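Here's the structure we're looking at; comments come further down.
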Amino acid sequence: GLPLIPQLLHNNAENFAAMAARLEDLGYDHINWNIGCPAPMIVRKRRGSGLLPYPDAIVAFLEVVMPRLKARLSIKTRLGLQHNSEILALLPRLDDFPLLEITIHARLGKQLYRGTTDLEGFAACQGLTRHQLVYNGDITDIDVFNDLAGRFPTIQRWMIGRGALADPFLPAAIKGAAAIPLPEKQHKIMAFHDDLYSQYRERLFGPSHLLGRMKQLWAYLVAAFPNQDRLLKKINKVGSEEQYQKLMKDLR
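So that you can map any letter, position 182 of the sequence shown is 185 in this note's numbering, and since no number is skipped, the others follow by simple counting.
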């Protein structure tokens, strides 16, 4: 199977270390610490990107956690919560710890996913740490990737988030796979949808929970189908499994 990297969103070092030990017992050898999540509820609790204005707290956390880890640790973060200066102050201090890599989403936490990525802000991070940097943020198609790869030639690793949900074939395209005709893309997406829908029906708690999950997914998958806005409105108006299943049948 594919390797999985569990990600922990925490600000309590003792609890993090206890959870990491449990993950190590399960066989995981790489754990990621998320100090980039921009969700307001997370930020208010000084977790995720809410930790970025407090570099002393981040360093103190790592001083407790790192000696107790058997697994490798990587970090997922942002340019800051309010200002780019936050990540610029933090990166040199992370050199004191044996991190595997640092993934930086090129936005501030306060932006959530609004606005544009700050490529100048990401460029300013290069050279401030000995650790491998991973670029993340708005890699939506092969042209965008090629532009970024040309702009940041020393970056060897890339994280694709929402772009891969909207176009599940994008990672393969970046690796050089031949272009897939649109009808074949749509067929494969529907096959994936059917499998996921079946799995969700067994695991989720009732039609409301199930339809809520599927509607969230379609906010991305709709990019592969014609009349995207109209289709998404239809999906979001669905109120029962029967209506949803009929709409999916009509879509094929």
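For glycine and all other residues, C-beta sits at the position ideal for the given N, C-alpha and C.
Here the structure is a predicted model, which means the values were calculated and not measured.
Under DSSP, Thr80 forms a beta bridge with Ile38, Ile107. Inter-residue distance for Glu104 and Asp232 is about 38 Å (C-alpha atoms, whole angstroms). As the crow flies, the alpha-carbon of Leu136 is around 8 Å from that of Gln129.
Straight-line measurement puts the Cα of Pro6 at about 23 Å from the Cα of Arg71.
In the displayed model, Val137 falls within a strand according to three-state DSSP. DSSP places Arg160 in the uninterrupted beta strand (DSSP E) bounded by 160-162. Here Ala16 is near Val67, since their CB atoms are less than 8 Å apart. With distances taken between CA atoms, Asp144 lies nearest to Ala226 out of Pro58, Pro56, Ala226. Note that the C-beta distance between Ala182 and Leu173 is not below 8 Å. If you ignore the 5 residues before and after Ala24, its C-beta comes within less than 6 Å of no other C-beta in its own chain. Assigned with DSSP and collapsed to three states, Arg117 falls in coil, not helix or strand.
Gly215 and Leu76 have their C-alpha atoms roughly 33 Å apart. The beta carbon of Ile238 lies closer than 7 Å to those of Lys218, Trp221, Leu250 in the same chain, with the five residues before and after it left out. Nearest to Lys73 by C-alpha distance, out of Glu27, His190, Asp198, Arg204, is Glu27.
For the 8 Å CB-CB criterion, Gln10 and Lys79 form a contact. Pairwise C-beta distances place the stretch 194-207 out of contact with the stretch 144-154, as fewer than three of them are shorter than 8 Å. With respect to the C-alpha of Asn37, the residue from Arg255, Ile107, Asp170, Asp59 having the closest C-alpha is Ile107. If you look at His212, you'll find it in the alpha helix (DSSP H) that goes 209-224. DSSP places Leu7 in the coil class of the three-state scheme, outside both helix and strand. Ala23: member of the alpha helix (DSSP H) spanning 16-28, first to last residue. Counting only runs of 4 or more residues that sit fully inside the stretch 161-190, the alpha helix (DSSP H) segments are 165-169, 173-177, in chain order.
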